[in-house]
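According to my numbering, the stretch in the sequence shown is residues 1 to 140, in order.
Just so you know, even glycine gets a beta-carbon here, dropped at the ideal spot from N, CA and C.
Worksheet: one structure, shown below.
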Amino acid sequence: MRNAGLPSDLIGALGACRAAEREQTLFYRALAARAELEGDAAEAERLNALHADEQHHLSRLTARLIELGARPGELPDSMRPVVDPSSWEEVARGREQEEVARYEELLGRELDPQTRRIVEEILESERHHAAELGGKWMMA
1 MRNAGLPSDL
11 IGALGACRAA
21 EREQTLFYRA
31 LAARAELEGD
41 AAEAERLNAL
51 HADEQHHLSR
61 LTARLIELGA
71 RPGELPDSMR
81 PVVDPSSWEE
91 VARGREQEEV
101 ARYEELLGRE
111 LDPQTRRIVE
121 EILESERHHA
131 AELGGKWMMA
């Protein structure tokens, strides 16, 4: 990822958050697809809502990096999660708690007001995910 004179550690941190969001989108999409195949419409809807929020986070971070003059690279479809359906919530809650910690750490850095606002909004959504394992916390 190339940047335009911004601190490389900040660009790197935002890039790491972006990559983690991509992994989350793949995680929830795979789980939603499984639920759809099994005919569990309620579970599929719940997982698709989480997927939509994570996709929104990914888009917001990508757009912000571009606004800051960085050139975010392609993110590979690196993860094909295999999770026991009976334990997906435990796995997901741990992943969400990792995201909360990642964004809390990022807020401890010096951020411009726009980036800080975006990170705060994403963090609020991730806290809801960790607590409730449900989506639809991001405004369109």
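Enumerate, from N- to C-terminal direction, the unbroken alpha helix (DSSP H) stretches of 4 or more residues contained entirely within the segment 104-132.
Whole alpha helix (DSSP H) segments, 4+ residues: 113-132.
Proximal residues to L123 (C-beta, below 6 Å), its chain only, five neighbours per side dropped:
The beta carbon of L123 lies closer than 6 Å to those of Y103 in the same chain, with the five residues before and after it left out.
With a 10 Å radius around its C-beta and 16 neighbouring C-beta atoms as the bar for buried, classify A20 as buried or exposed.
A20 comes out buried.
Just mark S125 as buried or exposed, buried being the case when its beta carbon has 16 or more other beta carbons within 10 Å.
By the 10 Å Cβ count, S125 comes out buried.
Take the Cβ of E38 as the centre, count every other Cβ of all protein chains shown within 10 Å, and call the residue buried at 16 or more, exposed below.
In summary, E38 is exposed, with fewer than 16 beta-carbon neighbours lying within 10 Å of its beta-carbon over all protein chains present.
Once the 5 residues before and after Q24 are set aside, which same chain residues still bring their CB inside 6 Å of it?
Once the five neighbours on either side are set aside, the close Cβ partners of Q24 are E54.
Roughly how many angstroms lie between the CA atoms of E60 and P72, to the nearest whole one?
It should be noted that the sequence gives Arg, not Glu, for residue 60. Cα to Cα, R60 sits roughly 12 Å from P72.
Which one of N48, A35 and A130 has the shortest CA to CA distance from S86?
Per the Cα distances, A35.
For chain C, find out if any of its Cβ atoms is closer than 9 Å to the Cβ of D77; answer yes or no.
Here there is only one protein chain, and chain C is not present.
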